[in-house]
Every structure is written in C-alpha cells, then in structure tokens.
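Peer 1:
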Amino acid sequence: MDFQQSRTYQNLLQAYENELLSSARYLIYEDIARNEGYIEIGNIYETTARNDKEHARIWLRRINQGTLPNTATVLQESIQVESEMAGEMYQEFARVAREEGYSDIAALFSGVANIDYNHGFQFTELYENVENNQVFCKPEPTLWICMQCGNVMSGECAPVICPVCGFPQGYYRLYD
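For the sequence shown, our numbering begins at 154 and goes up steadily by one.
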C-alpha cells in the first residue's frame, strides 16, 4: 500500500494540524492567563504550547518520511497558503459578512486579507533570495546589521562571522 494513501498517513496529517492549532491556541491562552495575573498558569500554557509544537514537528517529520522540508520548500508552501487566505478565503468571508450585515467583521476579514497578501509578498521575496543565493549577498554593496549585537557593516555580503559578537552570518539581515 502506498503510504500516502494509508489511513495512518491521514492520521499523521490530522495529528500534525491538531498539534499546530493547539500550540497557537495555548500561546493565546498564555497571554490571557498572564494578563489576569496567573503567571504560573501562563507558564504552563507556554510549556504546553512548546510541547505541542514539538509534537507537530515529530508528525511533520513522519509525514515527510524522516526529514523536515527545507526552507525553500516551506517558503513555497507559505506563499501558497497566504495567497489562498488573502485571495480566496478572507475575501469570501468578508463578502458573506457584508451580506449578513456584519460590516465591522467584513472590514476585519478584508484587513487580514491585506496583511496575508503582504505575508505572501514577503515570502515570495525571501524564496527568490534563497533560490538566487542572495540571502546574505547582494549584487551591490548594502548595509547589513547583526541581529545579535547591532553591528552594522557595508558590503556585498554580510560577514561570515560578526567581528563584534562572533555570531555567524545567519544573524545578519539587511539594514533598513
């Protein structure tokens, strides 16, 4: 039997999605508890959210037969998801809310659609940078900032190692 056609595979997909939802839900509940002064309850929600995130990672690895997808792959998926939410899902939700007389909720759906459109644009730029090997190097000199210590440097490429804090190139981003 083809693994992707098995009930076990479908169960893995469901477990993955449920753990992701629980993780996000518990991060919101953490904030609620902390805002009401229940710091320990917030701590427990935070720990549980991390646990559920790790459970999701376990299921994702099994879904992908022992490996996690690479950054280019997850960027492509993210572009698709954000595009679907911005262009289809939230626009339809906004239309229905307007028809039913909930203009305030329609405006929220439309606003979030615009945000998700921007997310898709950001992911597209990031994907192109990864594919063109331009995450840490650009065709012309530019400013780079170390996200660890704040060191700013100019050059076509970010330094391999930050000369101030010693953190690797992955901690550099374009300086805005």
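From the three backbone atoms N, C-alpha and C, an ideal C-beta is built for every residue, glycine too.
Run through the region 289 to 318 for me and flag every whole beta strand (DSSP E) of 3 or more residues, listed as ranges in chain order.
Peer 2: Complete beta strand (DSSP E) runs here, min 3: 290 to 299, 305 to 310.
Peer 1: Thinking just about the alpha-carbon of each residue, which of T220, A177, N286, L228 is nearest to the one in N204?
Peer 2: The shortest Cα separation from N204 among T220, A177, N286, L228 belongs to A177.
Peer 1: Distance check for Y255 and C310, CA to CA, integer angstroms please.
Peer 2: Rounded to the nearest angstrom, the two C-alpha atoms are 50 Å apart.
Peer 1: According to DSSP, R214 sits in a beta bridge with which residue or residues?
Peer 2: Answer is none; R214 lacks a bridge partner.
Peer 1: Under three-state DSSP, which class holds L221?
Peer 2: It is coil, neither helix nor strand.
Peer 1: Please report how far the alpha carbon of T220 lies from the alpha carbon of G308, in whole angstroms.
Peer 2: About 35 Å.
Peer 1: State the DSSP-derived secondary structure class of Y270, mapped to helix, strand or coil.
Peer 2: Of the three classes helix, strand and coil, the one that applies to Y270 here is helix, per DSSP.
Peer 1: Hey, could you find the ends of the alpha helix (DSSP H) Y325 is sitting in?
Peer 2: Careful: Y325 lies outside any alpha helix (DSSP H), inside the beta strand (DSSP E) at 325 to 327.
Peer 1: Contact between the region 208 to 220 and the region 166 to 185: three or more CB pairs below 8 Å?
Peer 2: Yes, since at least three Cβ pairs between the region 208 to 220 and the region 166 to 185 fall closer than 8 Å, the two stretches touch.
Peer 1: What residue from Q233, N196, N304 has the CA that sits closest to F274's CA?
Peer 2: Comparing Cα-Cα distances from F274 to each of Q233, N196, N304, the minimum goes to Q233.
Peer 1: In its own chain, which residues sit with a C-beta less than 6 Å from the C-beta of E183, not counting the 5 before and 5 after it?
Peer 2: The residues are G195, Y198, E199.
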